[in-house]
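> Residue numbers (UniProt numbering), protein chains in the order written: chain U, 1 to 266; chain A, 1 to 291. Pasting a structure below so you can have a look.
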Amino acid sequence: MLLNFDRLGRWKLVLLGITLLTAAFLLLPILFIAALSFGSSQWLIFPPPGWTLKWYQELFADPRWLESAWTSFQIAIIVTVLSVLLGLVTSFGLTRGRFMFREALKALFLTPMILPVVVLAVALYAFFLQIGLNGTLTGFVISHLVLALPFSILSITSALEGFDKSIEDAAVLCGASPFEAKIRVTLPAISHGIFSAAIFSFLTSWDEVVVAIFMASPTLQTLPVKVWATLRQDLTPVVAAASTLLILLTVLLMVLVAIVRKGLKS
Amino acid sequence: MLSRTDARAEGSKIPAHRLRFTDFDLTLPALGLLVLFFVVPVAILLARSVSEPVPGLGNYAELLGSSTYLRIFANTFIVSGLVTLVSLLIGFPVAWALAIMPSRLASVVFAILLLSMWTNLLARTYAWMVLLQRTGVINKLLIGLGLIDKPLPLVNNLTGVTIGMTYIMLPFIILPLYGVIRKIDPAVLQAAALCGANRWQALVRVLLPLAIPGMAAGALMAFVMSLGYFVTPALLGGTANMMLAELIAQFVQSLVNWGMGGAAALVLLVVTLALYAVQLRFFGTDRMGGR
């Protein structure tokens, strides 16, 4: 009765109401920012008195916004590639291995996911001050990689655990080398795990702000750091335009994931 | 791993194909990365908390002995608790509805949940800064409806942080709860009805108890995540209700006090790990995840 939607009676309306209100609550800021980025008022009045593209023009006219976006993109791409490669190798070791402390090792690999990011940020900042990596691309890549790798390991190990190893063994029996069998049989079979590892790694790096605030230098900063620094001064609609572009990228990635999932199912 | 070291030591006597990687070796690159850029830096930071400016536990004594810092600890727990509670109150009915809704409607709500989860944190926080300001939409709407005369202070205070953080944590509560409620056998509730339970009795005595593992796991995760949040409290909170993560950042960035920064980091670390151990002990790792 309580788990049958049609037999809930009056409760159905209450549950439905709360759910739709919550959905609206979750959607509201996203739509609001997108709308404001086209609004003509500098004071973020809603509904705006008129519509304009001038905030986007201002965004694209300022080389610092473009530079920080480019920096973010470069870092995210390098992190994605490294995170997937490392994640793949590590996951093979973790799922196939029969060594001591395997579970403990797995837990260790996931800890960057659960520790407060600010602790890692401060610790890496201190460490990088000593070895001169603050404000460098390498410093950004390393710190984002530490945060992204757990997502890769999690996605790829779960895909590997769901893969029947005897298929790989069969390929070896048919004459493939163990390496060839992995490349031509196992990798295609776990490609959905690799794909989500890549998406998660990219987004982890692209959206990361806490570590980046500490890593950034006046000459090298990521897009979220630029947004953060601008926000600390004022609530200019240029940030609304930048945020809208960030949201757009998220929507594009989500659509991509949905398409790939659908493709895998059929 | 020992066998490979032996093989190396024996050198050329061993045929090349015996020098293959063992499974443990495959984890070494990632392990190296993690030790060098995660374990070591955190350990150095904690070591500095007991060695700077003078060796000893002075930093901890100062941290736990000052009313200013104790207020920040208390505020961190109050905000996290409040956010968890509100998320749970909103999240339970939503997860319940999602578990039994017609699938097309549910998939729309899911898409919205995921979109909000994946949307850049700063973009979302910025949206709330604008929405909640004195001349913002929410205040204007309330005045327009005649509910209030003067704009409410909704931002740079506890209200602002709670709204912004609840917004972030809701999906993390709803998704695990949804998983748990979905697995409950409807026959159990039919049995309750057959035995004469009315809706309320069935809810309070059957459905809620069965959903408790999901609620506890989700709540614990939201609480732990909230404890360490930095960006949202910094932008939506006021100076009077600073949170622990901000304190750590301030010690390091503006005060350049590594001893105190390290000590505050250790407090946050210990609380997080302790709560995480509880989570592992009772609910396992399978409900972890999300960003």
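Ideal Cβ placement from N, Cα and C applies to all residues, glycine included. Here the structure is a predicted model, which is why all the values come from computation and not from measurement.
Could you compute how far the alpha carbon of VAL267(A) sits from the alpha carbon of LEU145(A)?
VAL267(A) and LEU145(A): Cα-Cα distance of roughly 46 Å.
> Any idea which residues DSSP pairs TRP51(U) with across the strands?
GLY39(U)
> Give the straight-line distance between the Cα atoms of LEU137(U) and PRO49(U), rounded to the nearest whole angstrom.
Rounded to the nearest angstrom, the gap between the Cα atoms of LEU137(U) and PRO49(U) is 42 Å.
> LEU113(A) versus chain U: which residues are under 7 Å apart at the beta carbon?
LEU26
> Run down chain D in chain order and give the residues with a C-beta less than 7 Å from the C-beta of ALA245(A).
In the structure shown, chain D does not exist; the protein chains are U and A.
> Compute the beta-carbon to beta-carbon distance between HIS75(U) and VAL141(U), rounded to the nearest angstrom, for a pair I have assumed lies under 8 Å.
Residue 75(U) is actually Ile in this sequence, not His. Contact flag correct, Cβ pair sits at about 6 Å.
> Could you give the uninterrupted runs of the beta strand (DSSP E) lying entirely in the segment 107 to 150 of chain A, keeping only those of 3 residues or more?
none
> To the nearest angstrom, report how far apart GLN133(A) and VAL155(A) are at their CA atoms.
6 Å
> Which bits of chain U does LEU132(A) rub up against, with CB to CB less than 9 Å?
Those within 9 Å of LEU132(A) in chain U number zero; the least Cβ separation is about 10 Å.
> Nearest to residue 279(U) by alpha carbon, out of PRO102(A), PHE92(A), THR119(A) and GLY160(A)?
Since the first and last residues shown for chain U are 1 and 266, residue 279(U) lies out of range.
> Touching or not, the segment 77 to 87 of chain A and the segment 155 to 175 of chain U, by the rule of three or more beta carbon pairs under 8 Å?
no
> Which whole-angstrom value is the C-beta distance of ILE190(U) and PHE163(U), which I expect to be below 8 Å?
6 Å
> Do the CB positions of residue 297(U) and ALA30(A) come within less than 8 Å of each other?
A question about residue 297(U) goes unanswered here, because the residues of chain U that appear run from 1 up to 266.
> Under three-state DSSP, which class holds VAL231(A)?
helix
> Out of ARG182(A), MET129(A) and PRO55(A), point me to the one whose CA is closest to PRO233(A)'s CA.
Comparing Cα-Cα distances from PRO233(A) to each of ARG182(A), MET129(A) and PRO55(A), the minimum goes to MET129(A).
> In whole angstroms, what separates the C-alpha of ARG64(U) from that of GLY97(U)?
48 Å
> Is GLY160(A) helix, strand or coil by DSSP?
helix
> Hey, is ASP234(U)'s beta-carbon within less than 8 Å of any beta-carbon in chain A?
no
> Could you please give the first and the last residue of the uninterrupted alpha helix (DSSP H) stretch that includes ARG232(U)?
223 to 233
> By the DSSP assignment, the alpha helix (DSSP H) with MET260(A) in it spans what residues?
258 to 283
> Assess contact between the segment 170 to 178 of chain A and the segment 94 to 102 of chain A, defined as three or more Cβ pairs (one per stretch) separated by less than 8 Å. Is contact present?
yes
> By DSSP, does ARG287(A) sit in helix, in strand, or in coil?
Because the pLDDT of ARG287(A) is 45, which lies under 50, any placement of that residue in the model is unreliable, and the number read from its coordinates should be weighed accordingly. Coil at ARG287(A), not helix or strand.
> From ALA43(A) to GLU52(A), what does the alpha carbon distance come to, in whole angstroms?
14 Å
> Going by the beta-carbon positions, is the gap between TYR56(U) and ALA229(U) smaller than 8 Å?
no
> Verify the CB distance criterion: does ALA7(A) have a CB-CB separation below 8 Å to chain U?
At ALA7(A) the pLDDT is 45, less than 50, meaning the model places this residue with poor confidence; the figure from the coordinates comes in the next sentence. No, its Cβ sits nowhere closer than 8 Å to a Cβ of chain U.
> Find the residues of chain A that neighbour TRP228(U), judging by a C-beta separation of less than 8 Å, and give them in chain order.
LEU122 and VAL231
> Mind checking if MET215(A) is an interface residue toward chain U, Cβ cutoff 8 Å exclusive?
No, its Cβ sits nowhere closer than 8 Å to a Cβ of chain U.
> What are the residues of the segment 127 to 158 of chain A that lie near chain U, defined by any Cβ-Cβ distance shorter than 9 Å?
ALA127, TRP128, MET129, VAL130, LEU131, GLN133, THR135, GLY136, VAL137 and LYS140
> At a Cβ threshold of 8 Å, is GLY261(A) touching chain U?
yes
> Expressed to the nearest angstrom, what Euclidean distance is found between the alpha-carbon atoms of GLY214(A) and ARG182(A)?
Cα-Cα distance, rounded: 11 Å.
> Would you kindly check if the distance between the Cβ of ASP23(A) and the Cβ of GLY93(U) is under 8 Å?
Yes, these two residues count as a Cβ contact at 8 Å.
> Can you give me the start and stop residues for the alpha helix (DSSP H) that ASP6(U) sits inside?
Per DSSP, ASP6(U) belongs to no alpha helix (DSSP H) and is neither H nor E.
> What does the Cβ neighbour count give for LEU63(A), buried or exposed, with the cut at 16 atoms within 10 Å?
buried
> Does DSSP put ASP207(U) in a helix, a strand or coil?
helix
> Under DSSP, the alpha helix (DSSP H) around ASN59(A) begins and ends at which residues?
58 to 65
> Going by the CB atoms, is the gap between ASN59(A) and SER49(A) shorter than 8 Å?
yes
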